[in-house]
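Visitor: Add 67 to a position in the sequence shown, counting from 1, and you land on the number used in the numbering used here.
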Amino acid sequence: MSGGEVAADRLRLLIERIERLEEEKKGLGDDIRDVYLEGKGTGFDPKMMRQIIRLRKMTPHDRREMEAILQTYLAALGME
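1. Going straight from the alpha carbon of Lys-114 to that of Ala-143, what length do you get?
2. Quick check on the DSSP output: the alpha helix (DSSP H) that includes Met-115 runs from which residue to which?
3. Where does Thr-139 sit, in a helix, a strand or coil, going by DSSP?
4. Kindly indicate the opening and closing residues of the alpha helix (DSSP H) around Leu-104.
5. Would a C-beta distance cut-off of 8 Å place Glu-147 and Leu-141 closer than the cut-off?
6. Taking a contact to mean a Cβ-Cβ separation below 8 Å, would you say Arg-130 touches Leu-137 in this structure?
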């Protein structure tokens, strides 16, 4: 097997692996969507559920900072 054939085989394996992972990602996305729909069916707001997920990913410091800036902007617009 020549170096070119080895490189082509390696590339093919990498592409096939990416394709499998993309399929898994699509399946997971579908599963997540189903959970949001389940939440909506039981009376929860999916937009707020997504917001909570975003907030939970943040560090407490970053969340406090974001909330402080939001409060400042709301106050400046007379929305407080």
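Ideal Cβ placement from N, Cα and C applies to all residues, glycine included.
Guide: Walking through what the data contain:
1. 25 Å
2. 113-124
3. helix
4. 70-108
5. yes
6. no
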